[in-house]
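Residue numbers (this note's numbering): 1 to 478.
C-beta: ideal position from N, C-alpha, C; glycine also.
Right, one structure below, let's go through it.
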Ligand code: NAD
């Protein structure tokens, strides 16, 4: 805990870093693609040299299995760097736009300039990926960055801090560690862009603070993402995909399927296939899932208690425990827990679960499932499993979600050609690849006019008959 005096000096320190980064950001407006690529290459080679340290940090933070760290923390970041390096020159190039007839004689181009200074606030659940991923977008656009990693994953946050201090001058990129009060101070500074990943509740606080400085925001938030299974889905295939998507990172994934909507007549087969998939992936030797080296743990006691309370609440209100339910507070292990007969009165159907609990709700008609989704805030992702293209198209058009995946889940995060993000309660703005680059860029429309006589000269006052005729024809024809 800092004394008021040391707090004051720490906050002054933040101001100083910000002001220095402001100067750098002005200098970086003219950064070439090669200079930006050099910054990204430094990060890539550091990651290559410190892969084991990254795995160890995640292991220490919440028992994350090493292969999961490789696939969901390291690979997405190196892929993002490689994709950006390959495309950056093209993204940075001013793009010509066609000239509308009334603007004949002029030419128009869209320039992309770096917004300037940026603040990146990241969550604990993918603490490496979701901190360095946005940084790549910031650097590719040419922005400086102050990073505020999560206090809940101290090993990874410390490693990120070490990495940044080895690679960058604090005037370029700096990590500021701390809890809410540090975030609150940072949010007072007039950044040019804030990239926040976290809960909708904190997202609102960030957006309010940003409004004071009219700072643009990208909000990557969460919520309850549904998985809808249609009658004609392949239930074995769907169950395997859903189980992996849910239980990677122990269900602590913003885009994990939060709950399942299944036709009444198919619930039994689904549960059977889910149990088979769980056994196959997490308990092949029949020793119990708790012994699996491939299942991460709940991040801390607070979340462990929240999740056990969620299970107890559901069961006490009449939910049926179909699988799991065992919790071990010493290791913060919670069984993959499947619940049916869930109702809206239960916490499990009210809040984002963010853990290994899987409620299943039945529906009588697909319309009913669509209506249910539409009665809730727009989800970050919607997963639909079915074979009929017309029905798939109907679901896509009748619902709204940040992203959607057909016949799989979670994987869209890795597709760098797609914009990633939410809508309203699940987020504002998009990330990844070109969309991440744009989030940190200002698209500046530039019009070049010829010198001397041009179309517009004829429209100047005094407005004679000729000018009036031209104006009338503009309205009539264009
Ligand atoms: P959180 O909102 O509690 O915290 C996120 C960050 O905000 C942390 O760095 C934290 O220190 C900071 N913070 C907390 N309270 C603050 C306040 N009052 N003012 C300013 N900053 C504050 O989220 P979390 O628990 O770290 O992460 C889980 C949430 O993040 C879930 O809702 C999940 O769905 C969401 N999430 C979204 C994405 C995405 O890409 N859309 C990715 C991962 C997680």
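Please look up how many angstroms separate the CB atoms of residue i and residue j, rounded, as I've assumed it's under 8 Å.
{"i": "residue 185", "j": "residue 22", "result": "About 16 Å separates the two Cβ atoms, so there is no contact after all."}
{"i": "residue 360", "j": "residue 399", "result": "Contact doesn't hold; Cβ gap of about 19 Å is too wide."}
{"i": "residue 115", "j": "residue 169", "result": "With 8 Å as the limit, residue 115 and residue 169 do not qualify as a contact, their Cβ atoms being about 20 Å apart."}
{"i": "residue 404", "j": "residue 418", "result": "About 10 Å separates the two Cβ atoms, so there is no contact after all."}
{"i": "residue 422", "j": "residue 380", "result": "4 Å"}
{"i": "residue 288", "j": "residue 410", "result": "That pair is no contact at about 25 Å."}
{"i": "residue 131", "j": "residue 140", "result": "At roughly 16 Å, the Cβ-Cβ gap does not stay under 8 Å, so residue 131 and residue 140 are not in contact."}
{"i": "residue 212", "j": "residue 263", "result": "Wrong, their Cβ atoms sit about 49 Å apart, outside the cutoff."}
{"i": "residue 431", "j": "residue 134", "result": "7 Å"}
{"i": "residue 448", "j": "residue 98", "result": "Incorrect: roughly 14 Å between the Cβ atoms, too far for contact."}
{"i": "residue 129", "j": "residue 72", "result": "6 Å"}
Helix, strand or coil for residue i? Go by DSSP, reduced to three states.
{"i": "residue 457", "result": "helix"}
{"i": "residue 322", "result": "strand"}
{"i": "residue 440", "result": "coil"}
{"i": "residue 399", "result": "coil"}
{"i": "residue 414", "result": "helix"}
{"i": "residue 369", "result": "helix"}
{"i": "residue 22", "result": "helix"}
{"i": "residue 102", "result": "helix"}
{"i": "residue 425", "result": "coil"}
{"i": "residue 409", "result": "coil"}
{"i": "residue 287", "result": "coil"}
{"i": "residue 41", "result": "helix"}
{"i": "residue 2", "result": "The predicted position of residue 2 is uncertain, since its pLDDT is 46 and thus under 50; no value can be drawn from it."}
{"i": "residue 337", "result": "strand"}
{"i": "residue 464", "result": "coil"}
{"i": "residue 134", "result": "helix"}
{"i": "residue 193", "result": "strand"}
{"i": "residue 181", "result": "helix"}
{"i": "residue 296", "result": "coil"}
{"i": "residue 34", "result": "helix"}
{"i": "residue 8", "result": "helix"}
Is residue i near the ligand NAD, judged by its Cβ being under 7 Å from some heavy atom?
{"i": "residue 207", "result": "no"}
{"i": "residue 126", "result": "yes"}
{"i": "residue 433", "result": "no"}
{"i": "residue 429", "result": "no"}
{"i": "residue 123", "result": "yes"}
{"i": "residue 220", "result": "yes"}
{"i": "residue 352", "result": "yes"}
{"i": "residue 254", "result": "yes"}
{"i": "residue 199", "result": "yes"}
{"i": "residue 158", "result": "no"}
{"i": "residue 184", "result": "yes"}
{"i": "residue 151", "result": "yes"}
{"i": "residue 298", "result": "no"}
{"i": "residue 180", "result": "yes"}
{"i": "residue 459", "result": "no"}
{"i": "residue 187", "result": "yes"}
{"i": "residue 204", "result": "no"}
Would you kindly report the start and end of the unbroken beta strand (DSSP E) that includes residue i?
{"i": "residue 257", "result": "257-263"}
{"i": "residue 117", "result": "117-121"}
{"i": "residue 363", "result": "357-363"}
{"i": "residue 161", "result": "First-last for residue 161: 154-167, but that is the alpha helix (DSSP H), not the beta strand (DSSP E)."}
{"i": "residue 148", "result": "144-148"}
{"i": "residue 245", "result": "Element bounds for residue 245: not the beta strand (DSSP E) but the alpha helix (DSSP H), 235-247."}
{"i": "residue 218", "result": "216-220"}
{"i": "residue 227", "result": "225-229"}
{"i": "residue 382", "result": "381-385"}
Spatial neighbours of residue i within its chain, please: CB distance less than 7 Å, with the 5 preceding and 5 following residues excluded, ordered by chain position.
{"i": "residue 474", "result": "102"}
{"i": "residue 560", "result": "Given a span of 1 to 478 for the chain in the structure shown, any question on residue 560 remains unanswerable."}
{"i": "residue 2", "result": "Low local confidence applies: a pLDDT of 46 at residue 2 is under 50, so the model's placement there is unreliable, with the coordinate-based value given in what follows. Excluding positions up to five away in sequence, the list reads 10."}
{"i": "residue 395", "result": "228, 370 and 384"}
{"i": "residue 266", "result": "229, 231 and 235"}
Could you spell out the range, first to last residue, of the alpha helix (DSSP H) harbouring residue i?
{"i": "residue 88", "result": "75-92"}
{"i": "residue 200", "result": "200-213"}
{"i": "residue 62", "result": "51-62"}
Residues in its own chain within less than 6 Å of residue i by CB, not counting five upstream and five downstream?
{"i": "residue 125", "result": "252"}
{"i": "residue 290", "result": "333"}
{"i": "residue 385", "result": "229, 233, 238 and 407"}
{"i": "residue 174", "result": "17 and 146"}
{"i": "residue 428", "result": "219"}
Enumerate in chain order the residues of its own chain whose CB-to-CB distance from residue i is below 8 Å, with the five nearest sequence positions on each side excluded.
{"i": "residue 136", "result": "40, 43, 77, 80, 81, 84 and 436"}
{"i": "residue 337", "result": "311, 321, 323, 324, 325, 356, 357 and 358"}
{"i": "residue 143", "result": "25, 28, 114, 115, 116, 117, 118, 192, 193 and 440"}
{"i": "residue 243", "result": "274, 277, 278, 281 and 336"}
{"i": "residue 171", "result": "17, 20, 21, 23, 24 and 144"}
{"i": "residue 464", "result": "none"}
{"i": "residue 459", "result": "467, 470 and 471"}
{"i": "residue 286", "result": "279"}
Using a Cβ cut-off of 8 Å (strictly closer), state whether residue i contacts chain D.
{"i": "residue 431", "result": "Considering every chain present, this structure includes no chain D. It has just one protein chain."}
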